[in-house]
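Once you know that position 77 of the sequence shown is 76 in numbering that gives the first Met the number 0, the rest is easy, because the numbers rise by one and skip nothing.
Virtual Cβ for every residue (Gly too), placed ideally from N, Cα, C.
Note that the coordinates shown come from a computational prediction; the quantities given were computed from them, not determined experimentally.
Below is one structure, written out as structure tokens; comments come after it.
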Amino acid sequence: MRLILIRHGKPETPGGSREGNPPLSAQGHAEARGVRDLLRHEAIEVIVHSGMTRAAETAQPTLEALGLDAHVIEELGEVDRYGGDYANPEMVKAKGEAEWDRFLADPLGYFGIDHDRFVLETLSGFQSLFESYHRQTIAIFTHGFPINIILSHALELEGIANFVPGYGSVTRLSGSAMDRLTVVSVNETAHLAPAFSSEKTA
0 MRLILIRHGK PETPGGSREG NPPLSAQGHA EARGVRDLLR HEAIEVIVHS
50 GMTRAAETAQ PTLEALGLDA HVIEELGEVD RYGGDYANPE MVKAKGEAEW
100 DRFLADPLGY FGIDHDRFVL ETLSGFQSLF ESYHRQTIAI FTHGFPINII
150 LSHALELEGI ANFVPGYGSV TRLSGSAMDR LTVVSVNETA HLAPAFSSEK
200 TA
């Protein structure tokens with residue numbers, strides 16, 4: 000099975016707002032179109048997203064281009080899937096090195112999330128793909144932590160903040176089961192060049 004993981008586009012956080020489950024920004028919509036232009040040439044059979052607004056909106060152009068319906072797996076959502084404020088590693092890093100070090104020491108605890116619960120639920124969400132679909136190519140519109148969790152699981156790495164997938168980036172894995180995963184690529188962004196260009200001229 001081929002798993003194509005897409006991190007959602009940049010969300011709208013006007014005035015520094017951290018309200019949970021934000022929609023995409025104008026830049027995020029441009030990134031979603033870049034993802035569509037890449038994936039429309041792939042033999043995708045199933046499209047999944049987390050059900051969170053920014054993931055669903057990132058998936059929409061690809062759904063329309065391929066004429067597919069979305070399947071929602073809530074366990075592939077981000078830390079604000081439980082409610083509460085929106086937060087991401089980019090926000091933390093902007094606060095300086097000391098704050099970034101505190102985040103790295105306990106990434107999920109930093110946001111007030113139970114580490115074991117979140118990781119177990121996320122891995123269960125990915126496991127459900129293997130139970131529901133066989134030998135298929137699946138596009139999964141998800142978030143930074145879930146991407147980190149499955150990559151760290153596949154590569155047997157300690158921690159769950161080993162990667163910083165960009166907005167609209169693509170990460171690929173393949174395998175026949177959760178314990179037989181191969182990482183094909185991480186953080187592909189070449190398809191976002193038009194979106195980056197539009198941001199500079201906006």
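Examine the Cβ distances between the segment 89-96 and the segment 64-72 and report whether three or more of them are shorter than 8 Å. Flag = no, the segment 89-96 and the segment 64-72 do not touch.
Nearest candidate by alpha-carbon position, reference phenylalanine 125, set Glu77, Ile72 and Asp115: Within the sequence shown, numbered from 1, the residue matching residue 125 stands at position 126. Nearest C-alpha to phenylalanine 125: Ile72.
Beta-carbon separation (whole angstroms), serine 151 vs threonine 170, contact threshold 8 Å: One-based indexing of the sequence shown puts residue 151 at position 152. One-based indexing of the sequence shown puts residue 170 at position 171. Incorrect: roughly 12 Å between the Cβ atoms, too far for contact.
Distance between isoleucine 148 and proline 106 (C-alpha atoms, nearest Å): Stepping through the sequence shown from its first residue, residue 106 is reached at position 107. Stepping through the sequence shown from its first residue, residue 148 is reached at position 149. Inter-residue distance for proline 106 and isoleucine 148 is about 11 Å (C-alpha atoms, whole angstroms).
Three or more C-beta pairs below 8 Å linking the segment 175-184 and the segment 156-166: Judged by Cβ distances under 8 Å, the segment 175-184 makes no contact with the segment 156-166, as fewer than three pairs qualify.
Cβ-heavy atom distance, glycine 167 to the ligand MN, below 8 Å: Summarising the ligand content, the structure contains no ligands, and the ligand MN is consequently not present.
Roughly how many angstroms lie between the CA atoms of histidine 190 and alanine 29, to the nearest whole one? Working through the sequence shown from its first residue, we reach residue 190 at position 191. Working through the sequence shown from its first residue, we reach residue 29 at position 30. Per the coordinates, the alpha-carbon of histidine 190 lies some 11 Å from the alpha-carbon of alanine 29.
What ranges does the beta strand (DSSP E) occupy inside the segment 107-169, keeping only unbroken runs of at least 3 residues that lie completely in it? Whole beta strand (DSSP E) segments, 3+ residues: 136-141.
What residue range does the beta strand (DSSP E) around histidine 28 cover? The residue labelled residue 28 in the question sits at position 29 within the sequence shown. Run containing histidine 28: none in the beta strand (DSSP E); it sits in the alpha helix (DSSP H), 25-38.
Leaving out five residues before and five after proline 145 in sequence, what residues of the same chain have Cβ atoms less than 7 Å from its Cβ? In the sequence shown, the residue the question calls residue 145 occupies position 146. So the qualifying residues of the chain are Leu75 and Thr121.
Along the beta strand (DSSP E) that carries leucine 62, what are the first and last residues, could you check? Residue mapping note: residue 62 aligns to position 63 of the sequence shown, counting from 1. Leucine 62 -> not in any beta strand (DSSP E); alpha helix (DSSP H) instead, spanning 52-65.
Quick one: using the 10 Å Cβ neighbour count with 16 as the cut-off for buried, is alanine 194 buried or exposed? Counting from 1 along the sequence shown, the entry for residue 194 is found at position 195. With 16 or more other Cβ atoms within 10 Å, it is buried.
Under the three-state DSSP convention, the category arginine 80 falls into: Position 81 of the sequence shown, counted from the start, is the residue given in the question as residue 80. Note: arginine 80 maps to helix in three-state DSSP.
For alanine 31, does the count of other Cβ atoms within 10 angstroms reach 16, so buried, or fall short, so exposed? Working through the sequence shown from its first residue, we reach residue 31 at position 32. It counts as buried.
Out of Phe162, Arg1, Asp84 and Gln59, point me to the one whose CA is closest to leucine 103's CA. Position 104 of the sequence shown, counting from 1, holds the residue named residue 103. Among Phe162, Arg1, Asp84 and Gln59, the Cα nearest to that of leucine 103 is on Phe162.
Spatial neighbours of serine 131 in its chain, beta-carbon cut-off 6 Å, leaving aside the 5 residues before and after: In the sequence shown, the residue the question calls residue 131 occupies position 132. For serine 131, where only same-chain residues beyond five positions count, there are no Cβ hits under 6 Å.
What do you reckon, are the CB atoms on histidine 142 and methionine 51 nearer than 9 Å? Position 143 of the sequence shown, counted from the start, is the residue given in the question as residue 142. Position 52 of the sequence shown, counted from the start, is the residue given in the question as residue 51. Contact flag set, yes.
In this structure, how does DSSP classify proline 193 when only helix, strand and coil are distinguished? On the sequence shown, residue 193 is found 194 positions in, with the first residue counted as 1. Helix at proline 193.
Just grab the DSSP bridge partners of isoleucine 43 for me. As a first step, residue 43 must be located in the sequence shown, where it is residue number 44. Paired residue(s): none; isoleucine 43 is not in a bridge.
I believe alanine 58 touches isoleucine 43 by the beta-carbon criterion, under 8 Å. Please report the beta-carbon distance rounded to the nearest angstrom. By 1-based counting over the sequence shown, the position of residue 58 is 59. By 1-based counting over the sequence shown, the position of residue 43 is 44. The pair is not a contact, with the Cβ atoms about 11 Å apart (cut-off 8 Å).
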